[in-house]
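Each remark here refers to the structure printed beneath this line.
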Amino acid sequence: MAYGDFVLQHDLNFTIETGDIFVIMGGSGCGKSTLLRHMIGLNEPAKGEVLYGLESFTKAPLHRRAAMLRKVGVLYQSGALWSSMTLAENVALPLEEFTTLARDEIAEVARLKLALVGLAGFEHYYPADISGGMQKRAGLARAMALDPDILFFDEPGAGLDPISSRLLDDLILELRDSLGATIVVVTHELASIFAIATRVIMLDREKKGILATGTPQELRDRPPHEFVRRFFHRVGSAAEVHR
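Number 119 in this note's numbering belongs to position 28 of the sequence shown; there are no gaps in the numbering.
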């Protein structure tokens, strides 16, 4: 991953298995969110490619990319809801764009998706009318609108209080178990990492690569690098941990 001549990360090689809750973590500025953007095609790799199954997403023509992305849902850090639309209208938007469902069928799907994330009865509310945690859940309902096989979350707990963050973690686990979705999460929140992750990779800004990979418990108990130990045990200042 590079911006012009500046290489942000290189030699990134990892596999996400079906059914994983796969966490990308690391200090601030190491490229976590940028990696997610590469995985969904918002950024192009300077070298290498992203594979969906055995098919190259990076080398696929635009029409094929669009078909592959139909199986993907994304929850952005801010929620990215349209402020002028109700929650139901936000969830309905991808259904109107990418399906041939009738209007009443779309409304029913939007209602069901909102109910699935605990927002039954809030269909006609606007984003400004609800809390940050509820906005995140509404964004998740929209990400699930097309029944994706893969869900990408960029810092889902950012800006949430500990209780709301834990409720969102519980919801992520429920969705994985009930829908069978594969979930990729960018976060540095330790509580969330231990609550939901099946496997993790840690990116490093100085190495410009993957510093460690494994389960959270493995990296906590047998850290392969001093920074990994400090990250999991929060040793030193916040500046050191999030360098």
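Beta carbons are placed, not taken as given, at the ideal position from N, Cα and C, and that holds for glycine. Please read all numbers here as calculations on a predicted model, not as lab measurements.
Beta-bridge partners of residue 146 (DSSP): 143. Rounded to the nearest angstrom, the Cβ distance from residue 283 to residue 250 is 13 Å, too far for a contact under 8 Å.
Take the alpha-carbon of residue 231 and the one of residue 263: they are about 9 Å apart. Short of 6 Å from the beta carbon of residue 279, and not among the five residues preceding or following it, lie these beta carbons of its own chain, in chain order: 116. The Cβ atoms of residue 224 and residue 255 lie closer than 7 Å to each other.
Taking a contact to require three or more Cβ pairs closer than 8 Å, the segment 285-301 and the segment 108-125 qualify as touching.
In this chain, the beta strand (DSSP E) harbouring residue 290 covers 290-295. Residue pairing of residue 275 in beta bridges, as defined by DSSP: 113 and 243. In the three-state reduction of the DSSP assignment, residue 304 falls in the strand class, which pools E and B. Distance from residue 163 to residue 131 at the Cβ level is roughly 6 Å; contact confirmed, criterion being Cβ atoms closer than 8 Å. A check of alpha carbon separations from residue 244 across 259, 252 and 238 identifies 259 as the nearest.
Using a C-beta cut-off of 8 Å, the segment 151-166 makes no contact with the segment 307-319, since fewer than three inter-stretch Cβ pairs fall below that distance. Residue 111 is a Cβ neighbour of residue 273, given a cutoff of 7 Å. Sequence-distant partners of residue 229 (beyond 5 residues in either direction) whose C-beta falls short of 8 Å from its own C-beta, in its chain, are 170, 172, 178, 181, 182, 205, 208, 210, 213, 218 and 221. Using a Cβ distance threshold of 7 Å, residue 265 and residue 168 do not count as a contacting pair. For residue 202, the closest C-alpha among the options 235, 175, 227 and 188 is that of 235.
Between residue 275 and residue 105, the C-beta gap is not smaller than 7 Å, which leaves the two residues out of contact. In the structure shown, residue 151 adopts coil according to DSSP, grouped into three states.
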